[in-house]
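Just so you know, the protein sequences line up as chains A and B, in that order. End of the first sequence sits at 494 in this note's numbering; the numbers just go up one at a time, nothing left out. End of the second sequence sits at 660 in this note's numbering; the numbers just go up one at a time, nothing left out. All residues carry an ideal CB built from backbone N, CA and C; glycine is no exception. All values derive from a computational prediction rather than experimental measurement.
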Amino acid sequence: MAHSSLLSYAIWVPIIGGLLVLAVGDRRAEAARWLALLVSLAAFAVTIPLFTGFDTRTAAMQFSERVAWIPSLNIFYHLGIDGISLWFILLTSFLTVLVVISSWRNVKERVAQFMAAFLIMEGMMIGVFCALDAILFYVFWEAMLIPMFLIIGVWGGPRRVYATIKFFLYTFLGSVLMLVALLYLYYHSNSSFSLLVFQKTPLGMTAQILIFLAFFLAFAVKIPMWPMHTWLPDAHVEAPTAGSVILAAVMLKMGAYGFLRLSLPIVPDASHKLAWLMILLSLIAIIYVALVAIVQEDMKKLIAYSSIAHMGFVTLGFFVFDSVAIDGSIIQMLSHGFISAAMFLCVGVLYDRMHTRNIKAYGGVANVMPIFAALMMLFAMGNVGLPGTSGFVGEFMVVLGTYQVSPWAAILAATGLITGASYTLWLFKRAIFGGVTHPEVAGLKDLDGREMLVLGTLAAFTLLLGLWPAPFLNIVHSSVQHLVTQVSLSKIPA
Amino acid sequence: MWAFDWLNAFPPLAVYLAIPLAPLAGSLMAGFWGWKLRGQAHWAPITGVIIALYLSLAVLWQASHGITFYGNVYTWAILGHLPVSIGFDIDSLTALMLVIVTFVSLCVHLYTIGYMHGDPGYARFFSYIALFTFSMIMLVMSNNFLQIFFGWEAVGLVSYLLIGFWFQRESANVAALKAFIVNRVGDFGFLIGIAAIYHYCGSLDYRTVFAAIPHLVGQTLEIIPGHPWSVLTWIALLLFIGAMGKSAQVPLHVWLPESMEGPTPISALIHAATMVTAGIFMVARMSPIYEQSATALTVVLIIGAVTALFMGLIGLVQNDIKRIIAYSTLSQLGYMTAALGASAFSAAIFHLMTHAFFKALLFLAAGSVIHAMANEQDIRKMGGLRKAMPITYITFLIGSLALSGIPPFAGFFSKDLIIEAVGLSTLPGAGWAELMLVVGAFVTALYTFRMFFLVFHGTPRMDEHTRSHLHESPLVITIPLIALAIPAIYAGWAYIGPIGFGHFLDSSLVIAPQLNTVGEISTHWQGTGEFLLHGLLAWPFWLALSGIAVATWFYWLRPGLPVALTRFLSPFIWVLESKYGFDAFNQTVLVRGVLQLGRLFWHVGDERLIDGIMVNGTAREIGKTASSWRRVQTGYIYHYAFAMIIGLILLMTYFVVWRG
C-alpha cells in the first residue's frame, strides 16, 4: 500500500517534533511557540490522508503496519485503523493545533516544555487509537499519562498535588489489572499479543467475566463511569485550560475506545452477561451526576460533571448492542470532543481575565463580551443537545437505539434532556446574563482574534456535525456493523 | 394566478427551499452585520420575510388547486439502514400554516421597527425573530419526525432567547430559563414518542409511518409489567406531552404567563400567534395516529377543556395587560386542544388561524398602549385612553370582540364550531368538556372587556406626566394593527366554509368515521348565514354577551362594584391569584427537591462515600501497611512515570527470562 507508513507519521511526527520544541528551550519562548504550531500543523496534515484515503466500505483494518518489535515474545509494532478509530485520530491532531493556538499567550512559564508535553502526548494518544498489538497498546496507554501528569502537576492550580495523586491512583490501579488480562489472553491465544487474534480466541464464561472486569476497571476509570468518576472534577479544576481540553475531549474517549476495541469483541459473552450492570452505571451517570452538576458553584467542576453525564450516553449506547446506538455513541464522543473542548476554552477565556472560576464572581458578562456570549451560547446549546448542533445527534441516536432494547432505559436516559438544560442554562444565566454586579466584570475585554479563531473553528464543527452528520456516520458505519456482528457471536468453546 | 406564474420557471424544490432560507439569510445578515447596520438592520430580515410570505401565498394558491409536494432535500444521516432526510411535505395544512406564520411575522417585523426603535439590541432582535420565522417554517414544512423535532426545539431556543432578550433583568432571565426547561419536559415526552415510532414503524418519515399505523391497531406493550397498553395510545400520549409543553396546556402551562417578560412584539408572534400553536399543528398533522386511540383523544379533550376554563378564570384577576392576554392565550389554546380531542382537527386549525390574527392584534395593540404609557403595564393605572389613541382603540375593540366570540368577527365562527363539535363528541367526559367550554365563553368575554374598559374607558388613572404625553403610535405601529384587524373581522365568515367544513384540509387529515364530529355538523351545513343564525340562538353567544354586559356594568358604569364584590368573593380570588398553586408547587417541591437531591449526591455520595471511604480510605490503608507508599505520594510525577516504566520492564524481563 502506498500510504503504508501514514500511521507512523501520525504518531511520530508530533513526538519527534515535541522533542525538538523541548530542545529549543524555554528561554526562546517565541521560537518554541512557532515551532510547536508548525509541528502541530504538520501532525494534523499527515492525518488528513487517512481521511481522504479511507475506504468506508470495509470493516477491515486499513493503513496497516506490522514490524517485529520483540520477536522472542511475539510482540509487534502493529498499527491499523478502522472507522471507529479514524475520527479520534483526526480529533486528536485537530485539537492539538487549537490547544497550541489557545495557549499562545496565557502560558508564560516553561513554554517549550508545555508545548512539548502536548505534542508528545498527541503522538501517544494517536498511538493508542491505532495500536493493534496489546503490548504496544498498553505502552501507549500508560505513557500518555505521563505528559498529562506533568501538565497538571507543573502548570496546574493550587491543589494540583492532590489532583495528580488522585488521578494517578485511579488510573494506575485501574490499568494494572488490564495488563494481567492481556497476559492471560496471550497464553490462551498461542502466544500472540495481536488484538485481532484476541478477538478470535475462544474463552470460557468465567475467564471472560474476569477479563471483562479487569478491562472494565481500566476503561471505566478513564471515561469515567460512576462510581469511579471523582478524580475527574478535581483533575479538571487543577489542570490548565489546555490540559482540561485534551483531558475532556480526547483522554476520556480512551476508555470508551477501549470498550469498543477490547471488551466487546474479545469477551462478547461477558459483555452481554454484564450489560445490565453497564446500563445501570450509565443511567446513574446520566441522572445522578447530572443532578450533582446542577448544584456546582465552580464552572469547571460543573462542566466536568456534565462531561461525565454525557459520557453516560456513550456507555449506554455500547451496551444495548444496537448498531444505531453504537453509531450514536461514537458521534456523541466526537461531538463531546468539540463541545467540551469549547466549554473548557470558554471557561479558560473567563479565567484568564478574572482568575476565578466561581460562578458567583461573574454575572452580566454578556454586557461587556457580546461575541463571547454568543459563541458560548452556541456551545451551551450543544451541551444541552439542541437539534442542529452536534450534541443532539449522538443523544438522539442512543435514545432511539436504546428504546429498541429497553424503553425504560431510554426514558431514564432521556431525562438528560431536562437536567442538561437545567445545569447548562442555569450556569449561563448566572455567569453570562444579568446586569453587571461586580466591578471586575465591567472591565472585561471581548475575545481577541486568536480566541475567536479557536472558538469559531469549534463552532463551525459543532454546527456541521449537527446539521449534516451523514459523512461522519458514513466512516463509522461498516466498522460498527462488523462489531455488532462480532459481539453477537458467542466465543464460549462448545 | 398571474402573480405566481413566473415561479413555474423554477424547480418546485427551489421555490420551497427559498421559503425557509430567505428569513434565515435575513437573520444571519442582521446577526453578523448588525453592529454595522445598527438602525438599518431591519432591511434584510424584512426582505426575507416578505419573500417567504409571497412564496407562501403562491404555495397556498397551488395547494388550493391540488398541487402538493412530498420530497427530500438532503440525507441528514443514515440510522442503521434507514436514511433520515431533511425534506418537505407541502399540502394544504402546511400551506395554510405557512401563510399564517409569515403574515403575522411580517406584521410583527414592521411593528418592531417602531417598537424597538433605539433599543441597543435592535439588530439582535431582528436577527432572532427572523431566525424564529425560519425555525417555524422548517417545523411546519417538515415531512419527518426528525425535522419537526429540530424545528420544535429551534423555536424553543428562539423563544428562550427572546424572553430573556433584556438579559440585564433578573425576572426576564428567570422566565427564559423556566420556559426552556418546562418546554424540555414536553420535548422529553416528544423524544420518547419519536423513539417509540421508530421502534414500531421502523421509520421517521411521515408517509411511511402513517402507512404503518393501521397495522399497529390492537398491538399492546407493557411499560409496567402486567399492564398491557395499546401501542398507539402510548405513542399518541407521548407526542401529546410534547404538544402540552409547546402549546402550554395544564400542567405544563406555567412558562407562558412569565414569557411576557419578553418584548411585546414577540409575545404577539411567538407566545400567541405561532409558536404556541405548534402543538396544535403537530397533533393535527398526526391525526392518523390520534384517530386510532380514543383514550388519547379523551385525554386531549379533557386537558384542553380544563385549560380553556381554568386559565381563563385566572385572567379575571390579573392586572398586567400582557398577562391578561397571556392567560387568554392559554385559554384559547385550550379550546384548540379540546377541538383536537373531539377530532375536529379542521376546527382547531381554523381557530388557530383566527386566533393568530386577533391575538397578535391584541398583543400589538397592547404594545401600542404600553408604549404610550411609558412602559406602564398595570391596567389599574390606565383608563380613558380612547381619546388619545383612536386607531389603537378601534383595533383593540375589534380584537376584543373577535376574542369574545361576537359575530360577525372571526373568533365567533371558529369558537362556535369547536363548542358544537365537542358537544357532538361521544368520548367519555365530552359533556363536561362542553360545559367547561361554554362557561369559558362567558369568562372570556368578561376578562376581555374588563381589560378593555379599564384601559380605554372610565377616568384616567395615570399620573399627570404620563397623561400629558399620551399619543397615538406612529404609522409603523398602527399599520400592522390595521393589517391584522382586517382578517380579525372577516376571516371567520369568509373561511368557515372552505376551512371549517369544506374539503380544503381533507387531504392532510385522517378522521375516523365514528369520530367525525365536524362531518356531522357539515351535513346540516347550509352556508355561513345559516350557521350565524344558528349561533345566535345558542348558549355561547348569549353567555359572551352577558360577559360583556357584566364587564360594562362593573368596569365602566359602576366602577365601585368590583371592590365590594372582592370582599365577598375573597377565597375564590385567593385561589385564582395563587394560580391554583402550580408555581408554588414547582418551586417548593420540584426545584428545591432537585437541588437538595443534587447536594445530597454531591456531598454524601461523592464526597463522603466514594471519596471518603473508597478512594482516600484505600490510600490511607495502603499508606498504613506500606510506609514506602508515603514517599511515592510525593507529587513528583517523575517518580510515578519512572515506577511505571520500571514495572513494565520487570514484567517483560520476567516473561523473557522465565517464560520465553
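Can you find a CB in chain B that lies within less than 8 Å of the CB of residue i?
| i | result |
| --- | --- |
| A:Val292 | yes |
| A:Met342 | Residue 342 of chain A is actually Ala in this sequence, not Met. A:Ala342 does not count as touching chain B. |
| A:Leu280 | no |
| A:Gly388 | yes |
| A:Asn190 | no |
| A:Lys429 | yes |
| A:Phe433 | yes |
| A:Ile411 | yes |
Would residue i count as contacting chain A if we go by Cβ distances under 8 Å?
| i | result |
| --- | --- |
| B:Gly279 | no |
| B:Asp606 | yes |
| B:Ala77 | yes |
| B:Gln62 | no |
| B:Gly660 | Bear in mind that the predicted position of B:Gly660 carries a pLDDT of just 42, short of 50, making it unreliable; the figure below should be weighed with that in mind. By this cut-off, B:Gly660 is an interface position. |
| B:Gly80 | yes |
| B:Phe357 | no |
| B:Ala196 | yes |
| B:Ala154 | yes |
| B:Arg558 | no |
| B:Ser628 | Here B:Ser628 scores only 46 on pLDDT, less than 50, and its place in the model should not be relied on; the value that follows carries that caveat. Output row for B:Ser628: interface = no. |
| B:Ile223 | yes |
| B:Glu472 | no |
Going by the DSSP bridge assignment, what does residue i pair with across the sheet?
| i | result |
| --- | --- |
| A:Arg66 | A:His78 |
| B:Asn144 | B:Asp205 |
| A:Ala131 | A:Leu79 |
| B:Leu191 | DSSP output for B:Leu191 lists no bridge partner at all. |
| B:Val84 | B:Ala77 |
| B:Ile90 | B:Phe69 |
| A:Leu280 | A:Leu280 pairs with nothing; no bridge assigned. |
Which of helix, strand or coil does DSSP assign to residue i?
| i | result |
| --- | --- |
| B:Ser473 | coil |
| B:Ile419 | helix |
| B:Gly334 | helix |
| B:Trp493 | helix |
| B:Thr233 | helix |
| A:Lys273 | helix |
| A:His494 | Note that residue 494 of chain A corresponds to Ala in the displayed sequence, not to His. Three-state DSSP puts A:Ala494 in coil, outside helix and strand. |
| B:Pro390 | helix |
| B:Ala14 | helix |
| B:Gly121 | coil |
| B:Leu79 | strand |
| B:Ser627 | In this prediction, B:Ser627 scores a pLDDT of 47, lower than 50, which makes its location untrustworthy; no coordinate-derived value is stated. |
| A:Ser93 | helix |
| B:Ile511 | coil |
| B:Asp606 | helix |
| A:Leu489 | coil |
Review point. If we count Cβ pairs, one from each stretch, closer than 8 Å, do we get three or more for the region 107-114 of chain A versus the region 145-158 of chain A?
Key: yes
Point to revise | Contained alpha helix (DSSP H) runs [length at least 4] in the region 241-325 of chain B, N- to C-terminal order | key: 255-258, 264-268, 278-285, 287-290 and 294-315
Review point. Which runs of the alpha helix (DSSP H), 4 residues or longer, sit entirely within the region 320-395 of chain A?
Key: 323-354, 365-368 and 370-384
Check your understanding: Does the count of Cβ pairs from the region 331-349 of chain B and the region 458-470 of chain B closer than 8 Å reach three?
Key -> no
Review point. Three or more beta-carbon pairs under 8 Å between the region 439-450 of chain A and the region 48-56 of chain A, yes or no?
Key: no
Exercise for review: Would you mind listing the alpha helix (DSSP H) stretches within the region 178-251 of chain A that are 4+ residues and don't spill past its ends, in chain order?
Suggested key: 195-200, 205-222, 231-238 and 241-246
**Study point:** Start-end ranges of the alpha helix (DSSP H) lying completely within the region 425-463 of chain B, minimum 4 residues
**Key:** Restricted to the region 425-463 of chain B, the alpha helix (DSSP H) segments that are unbroken, complete and at least 4 residues in length are 430-456, listed in chain order.
Check your understanding: Taking the runs of the beta strand (DSSP E) that are 3 residues or longer, which of them lie wholly in the region 326-388 of chain B?
Key -> For the region 326-388 of chain B, not a single whole beta strand (DSSP E) run of length 3 or above is found.
**Study point:** Stretch pair the region 253-273 of chain B + the region 388-407 of chain B: three plus CB contacts closer than 8 Å
**Key:** no
Exercise for review: Let me know the alpha helix (DSSP H) ranges lying completely inside the region 33-75 of chain B, each 4 residues or longer, listed in chain order.
Suggested key: Counting only unbroken stretches of 4 or more residues, the alpha helix (DSSP H) elements lying wholly within the region 33-75 of chain B are 43-64, in sequence order.
**Study point:** Cβ contact check for the region 379-388 of chain A and the region 402-414 of chain A: 3 or more pairs under 8 Å
**Key:** no
Practice item. Determine contact between the region 90-102 of chain B and the region 506-515 of chain B, defined as no fewer than three beta-carbon pairs at a distance below 8 Å. Key: yes
Review point. Does the region 243-257 of chain B come within contact of the region 196-215 of chain B, defined as at least 3 CB pairs closer than 8 Å?
Key: no
Review point. Residue ranges of each alpha helix (DSSP H) run of no fewer than 4 residues wholly in the region 400-479 of chain A, ordered along the chain?
Key: 407-414, 416-431, 439-442 and 449-467
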